[in-house]
Amino acid sequence: MSFSVATWNINSVRLRRPIVERLLLEQAPDILCLQEIKCRDEEFPAGAFAALGYRHQAINGQKAYHGVAILSRFPLTVTGKETFCGIDEARHVSALADVKGRPVHIHNFYVPAGGDEPDPDTNPKFRHKLDFVAEMRRIRAERPDAPNLLLGDLNIAPLEHDVWSHRQLLDVVSHTPVETGSFEAMRQDAGWVDLMRRHAPEPAKLYTWWSYRAQDWQASNRGRRLDHVWSSPGFAERLAGIEILAEARGWEKPSDHVPVIARFDF
DNA sequence: ATGACGGATCTAATCCGA
């Protein structure tokens, strides 16, 4: 049996509902994790996605900022809407999916961006980001009842070949050594496997985000891998393929992030 | 190379993203 799951920072789900529908129609992932929906729960276009077969939805929204949601063809039981650093922002939702009788547990995350200045003593947003990542260590990969997945916009490009220029981005928030070191240590301590790199090891360049500010994102190709798909070690063995849908960066009224789609055989 | 962009909001100028 095959099963697919995708993640996409949509940068306003109401504005970009048409391209979410396009992804669902063209790629038909079984489950789609969205970040930055930027709306309250009751403003989420639930009916439009249900009409395409995604009747099961776990939404953790808030007004204007952040917000995450899981769309699923299979039944979902919400298992958590957790807060981190004692700050009440909608940056996490988790659910247990019933995939034809087989349970799969999913964490959907939107990690804080961290502001401009990579100094936790002068920039509270950067301090928040570092604290948030450290606290993610409590989300463990191993789970007694189901294979576990962690997906989302984690806002850190951890490896040298996750950015267009390692040297030029060492002082840029998302790729500073304090972030990348803490991020990889957290991932390994909690037991997660980086599925994108399992499928395409370095030195392959992998990007999931291209700035809106480039005149031609494709020509300059100054991307970063900010979006991630992690699994528990046992489930990593079931990975059949993983794709970065870079073409979506060129769709009408695009997000600055593109979808990542993982497929499993189990 | 921190921007030349693009969201949301008390629709006007401000905050935010990365």
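In terms of our numbering, the first sequence is numbered consecutively and its last residue is 361. The C-beta atom is built at its ideal place from N, Cα and C for all residues, glycine as well.
Helix, strand or coil for residue i, going by three-state DSSP, please let me know.
i: Pro198; result: strand
i: Phe221; result: helix
i: Ala357; result: strand
i: Gly148; result: coil
i: His270; result: coil
i: Asp193; result: strand
i: Gln130; result: strand
i: Ile114; result: helix
i: Asp257; result: helix
i: Ser277; result: helix
i: Leu171; result: strand
i: Gly336; result: strand
i: Gly247; result: strand
i: Ala229; result: helix
i: Phe139; result: coil
i: Asp284; result: helix
i: Ala252; result: coil
i: Ala159; result: coil
i: Ala123; result: coil
i: Ala343; result: helix
i: Ala101; result: strand
i: Val185; result: Checking the sequence, you will find Ala at residue 185 rather than Val. Three-state DSSP puts Ala185 in coil, outside helix and strand.
i: Ala236; result: coil
i: Ala153; result: strand
i: Ala241; result: coil
i: Ala208; result: coil
Using CA coordinates, which residue listed in the options is at the minimum distance from residue i?
i: Asn155; options: Leu147, Gly148, Tyr149, Ala164; result: Ala164
i: His256; options: Gly210, Glu212, Arg320; result: Arg320
i: Asp183; options: Ala143, Leu191, Arg333, Lys158; result: Lys158
i: Cys134; options: Pro124, Asp125, His161; result: His161
i: Trp259; options: Val199, Ser315, Asp240; result: Ser315
i: Gln122; options: Glu131, His200, Asn106, Leu340; result: Leu340
i: Arg308; options: Phe361, Phe179, Glu332, Pro349; result: Pro349
i: Ala357; options: Phe139, Gly345, Glu347, Asp322; result: Asp322
i: Asp266; options: Asp214, Trp346, Ile126, Asn104; result: Asp214
i: Pro242; options: Glu332, Arg186, Val173; result: Glu332
i: Leu254; options: Val228, Pro296, Gly196, Thr178; result: Pro296
i: Arg109; options: Phe144, Leu127, Phe98, Ile126; result: Phe144
i: Leu191; options: Arg344, Pro272, Pro239; result: Pro239
i: Phe221; options: Ser99, Leu127, His270; result: His270
i: Glu138; options: Lys176, Arg112, His200; result: Arg112
i: Ala185; options: Leu118, Val355, Asp351, Leu129; result: Leu129
i: Arg344; options: Phe359, Gln313, Leu120, Leu334; result: Gln313
i: Phe227; options: His187, Asp193, Ala252; result: His187
i: Val100; options: Trp304, Asp351, Ala335, Glu279; result: Ala335
For residue i, does the count of other Cβ atoms within 10 angstroms reach 16, so buried, or fall short, so exposed?
i: His365; result: Outside the modelled stretch of the chain, which goes from 96 to 361, sits residue 365, for which no answer is possible.
i: Gln310; result: exposed
i: Ser41; result: A question about residue 41 goes unanswered here, because the residues of the chain that appear run from 96 up to 361.
i: Met96; result: exposed
i: Gln263; result: exposed
i: Pro124; result: buried
i: Gln283; result: exposed
i: Ser189; result: buried
i: Gly318; result: buried
Exercise. Taking three-plus beta-carbon pairs below 8 Å as touching, is the region 221 to 234 in contact with the region 289 to 308?
Worked result: no
Exercise. How do the region 191 to 207 and the region 233 to 251 stand: do at least 3 beta-carbon pairs fall below 8 Å, yes or no?
Worked result: yes
Exercise. For the region 164 to 175 against the region 133 to 153, are there 3 or more C-beta pairs whose distance is under 8 Å?
Worked result: yes
For this session: Mind the definition here: the region 326 to 337 touches the region 272 to 290 only if three or more C-beta pairs lie below 8 Å; say whether that holds.
Result: yes
Problem set entry | Runs of alpha helix (DSSP H) lying entirely within the region 291 to 320, each at least 4 residues, in chain order | 312 to 315
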